[in-house]
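K.L.:
Numbering (this note's numbering), first residue to last: 4 to 173.
Just so you know, even glycine gets a beta-carbon here, dropped at the ideal spot from N, CA and C.
Mind having a look at this structure? Questions to follow.
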């Protein structure tokens, strides 16, 4: 049994996932990286050539391809929880944890990396981020656990995630 990290882009799913996997001695899998590996194309290229819906289908295929997850920390893309078919696939891996960050914290973090994010290209990206957060919140709320990032030190967030991962194995 593993653990699944969900949340908005920029909340730190991949970074925290890697750190959590090191702390627990588990392997880490980033679903975006798995989509790139399976498709042979960059995420931006998939969005540009085929659109968001095609990317979401590839995400679901990548989730379905995870077999015998064992001791796994899985970081999934911010939009993966918006597809109903992904919930049983994520829960098959382990408890789903929503890494909840305020819009302000996300903007602060994404200022530096938004060029690499297809959904935030161009002007008005802050408004688009707020819109996405509002649209996705109801999906994220279905998580088994919520860890609030605002005002929490990384060490405290990792402590909470370790506790969830260990307790859910019992």
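Rounded to a whole number of angstroms, what is the C-alpha to C-alpha distance between residue 108 and residue 75?
P.N.:
Indexing the chain shown from 1 puts residue 108 at position 105. Indexing the chain shown from 1 puts residue 75 at position 72. Approximately 27 Å, taken between the alpha carbons.
K.L.:
Using 8 Å as the threshold, is the C-beta distance between residue 96 and residue 65 below it?
P.N.:
Locating residue 96 in the chain shown gives position 93, where the first residue counts as 1. Locating residue 65 in the chain shown gives position 62, where the first residue counts as 1. No.
K.L.:
State the start and end residues of the unbroken beta strand (DSSP E) segment that holds residue 78.
P.N.:
Walking along the chain shown from the start, residue 78 turns up at place 75. Residue 78 -> beta strand (DSSP E) spans 75 to 78.
K.L.:
Given this structure, state the Cα-to-Cα distance separating residue 162 from residue 104, to the nearest angstrom.
P.N.:
Residue numbering aside, residue 162 sits at position 159 when the chain shown is read from its first letter. Residue numbering aside, residue 104 sits at position 101 when the chain shown is read from its first letter. Their Cα atoms are separated by approximately 17 Å.
K.L.:
Residue 59: buried (16+ other C-beta within 10 angstroms of its C-beta) or exposed?
P.N.:
In the chain shown, residue 59 corresponds to position 56, counting from 1. Residue 59 is buried by the Cβ-count criterion.
K.L.:
What is the residue span of the alpha helix (DSSP H) that residue 161 lies within?
P.N.:
As a working note, residue 161 is residue 158 in the chain shown. Counting along the chain, the alpha helix (DSSP H) containing residue 161 begins and ends at 157 to 170.
K.L.:
Return the CA-CA distance between residue 167 and residue 36, expressed in angstroms with no decimal places.
P.N.:
In the chain shown, residue 167 corresponds to position 164, counting from 1. In the chain shown, residue 36 corresponds to position 33, counting from 1. Each residue's alpha carbon lies about 24 Å from the other.
K.L.:
Quick check on this structure: which residue in 170, 11, 5 has the alpha carbon closest to the alpha carbon of residue 138?
P.N.:
Within the chain shown, residue 138 is the residue found at index 135, counting from 1. The residue with the shortest Cα to Cα distance from residue 138 is 11.
K.L.:
Measuring CA to CA, which of 146, 170, 82 is closest to residue 134?
P.N.:
For this step, residue 134 is matched to residue 131 along the chain shown. Ranking 146, 170, 82 by Cα distance to residue 134 puts 82 first.
K.L.:
Looking at the strands, I want to know which residues DSSP matches up with residue 143.
P.N.:
By one-based count along the chain shown, residue 143 stands at place 140. For residue 143, which the question treats as bridged, DSSP gives no partner whatsoever.
K.L.:
Note the first and the last residue of the continuous alpha helix (DSSP H) segment covering residue 92.
P.N.:
Within the chain shown, the letter at position 89 stands for residue 92. Per DSSP, residue 92 belongs to the alpha helix (DSSP H) from 89 to 96.
K.L.:
Classify residue 62: buried if its beta carbon has 16 or more other beta carbons within 10 angstroms, exposed otherwise.
P.N.:
Along the chain shown, one-based indexing puts residue 62 at 59. Burial call: buried.
K.L.:
In whole angstroms, what is the alpha-carbon distance linking residue 45 and residue 165?
P.N.:
Along the chain shown, read from residue 1 onward, the residue named residue 45 stands at position 42. Along the chain shown, read from residue 1 onward, the residue named residue 165 stands at position 162. Computed Cα separation, rounded: 31 Å.
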